[in-house]
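Notes follow the structure.
Residue numbers (this note's numbering): 0 to 281.
Take a look at the structure:
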């Protein structure tokens with residue numbers, strides 16, 4: 000048996016560790032570059048669609064999506080525990096309406112790292128689509144907890160609370176007052192985080208109508224505030240239509256009728272007449 004000096008032995012061990020570490024680092028870099036290229040291809044496709052919805056024919060788009068799906072699958076075969084890849088893959092599958100496969104990908108991502116808000120959100124969305132409101136609620140609440148500054152998570156929570164309100168009430172998860180309060184709270188948080196998002200502002204205003212006892216005063220305050228911030232003429236008239244309806248509900252019928260006279264957009268005339276018919280009942 001040959002004796003190896005301690006210093007030489009240490010040097011040999013260091014070289015082995017360094018070599019293994021360097022190889023692992025190189026492999027990691029190659030995997031990252033490979034994933035980046037796949038995601039860039041995907042981004043390029045959807046960017047072109049955003050710029051021109053007719054850029055791809057249906058068959059061409061389908062072929063490109065299938066190629067992307069296969070690229071992600073191949074990557075995940077070699078890197079099965081890459082959470083980022085699982086998330087990207089899951090999102091692509093949802094775009095391709097392969098929701099069950101997407102759900103499986105997100106579940107695995109959640110198993111690997113249970114602290115990612117977007118994964119919780121995606122799992123919750125799938126459960127909600129399957130009619131499993133209570134299960135979805137758990138995941139939505141966790142998404143909000145993990146990333147409280149993401150408006151979409153609060154907005155989704157508000158929609159879920161409204162969509163499954165009957166179920167939540169029947170199962171005793173909320174009292175009616177608590178459910179109304181939490182729903183408005185979720186929509187208000189989303190609207191506060193993204194004040195320029197017109198859809199979020201609209202849904203908050205409508206949430207005041209949805210309560211067991213509609214809060215018309217808060218709704219009017221909200222619509223008046225939103226009205227001051229928008230420049231788009233169609234959006235202004237939409238908000239004014241809501242303002243006129245709420246004014247009627249509050250008994251301010253003369254103001255309501257005057258406001259409806261300013262609604263000239265052809266696409267809003269049916270809604271305008273409905274508001275006028277409603278005002279006439281007061």
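Idealized CB from N, CA, C, for every residue including glycine. Since the model is a prediction, treat every value here as computed from it, not as a measurement.
Beta carbon of residue i nearer than 8 Å to that of residue j
i	j	result
residue 225	residue 206	no
residue 122	residue 138	yes
residue 159	residue 136	yes
residue 249	residue 215	yes
residue 269	residue 247	no
residue 75	residue 55	no
residue 100	residue 92	yes
Assumed close pair residue i, residue j - CB separation to whole angstroms, cut-off 8 Å
i	j	result
residue 294	residue 199	Because the chain is modelled from 0 through 281, residue 294 falls outside the range shown and cannot be assessed.
residue 261	residue 239	6 Å
residue 187	residue 219	Not really, about 15 Å apart at Cβ, beyond 8 Å.
residue 107	residue 85	6 Å
residue 189	residue 150	4 Å
Of the residues the options, the one placed nearest residue i, counting alpha carbons only
i	options	result
residue 33	49, 51, 78 and 95	78
residue 90	69, 233 and 118	118
residue 44	63, 31, 57 and 58	63
residue 147	128, 120, 127 and 161	120
residue 68	259, 280 and 95	95
residue 71	203, 149, 31 and 59	31
residue 81	28, 251 and 237	28
residue 170	257, 256, 65 and 131	131
residue 38	61, 53, 66 and 252	66
residue 126	255, 185, 251 and 103	103
residue 235	208, 201 and 253	201
residue 61	166, 97 and 263	97
residue 227	210, 254 and 197	197
residue 282	210, 152 and 191	There is no way to answer for residue 282, as the model of the chain reaches only from 0 to 281.
residue 255	264, 152 and 274	274
residue 208	257, 161, 105 and 264	161
residue 152	253, 129, 193 and 172	193
residue 145	128, 172 and 113	113
residue 217	245, 173, 105 and 58	245
Residue burial classification, residue i (beta-carbon count within 10 angstroms, cutoff 16)
i	result
residue 40	exposed
residue 20	Low confidence applies to residue 20: its pLDDT is 44, below 50, so where it sits in the model is not reliable enough to give any reading.
residue 133	exposed
residue 230	exposed
residue 212	exposed
residue 36	exposed
residue 48	exposed
residue 266	exposed
residue 51	exposed
residue 109	buried
residue 259	buried
residue 46	exposed
residue 124	buried
residue 301	A question about residue 301 goes unanswered here, because the residues of the chain that appear run from 0 up to 281.
residue 175	exposed
residue 156	buried
residue 233	exposed
residue 203	buried
residue 23	Unreliable positioning characterises residue 23 in this predicted model, as indicated by a pLDDT of 43, which lies under 50. The coordinate reading is nonetheless provided below. Under this definition residue 23 is an exposed residue.
Residue i at chain C interface by Cβ criterion, 8 Å
i	result
residue 143	The structure shown contains no chain C; it holds only a single protein chain.
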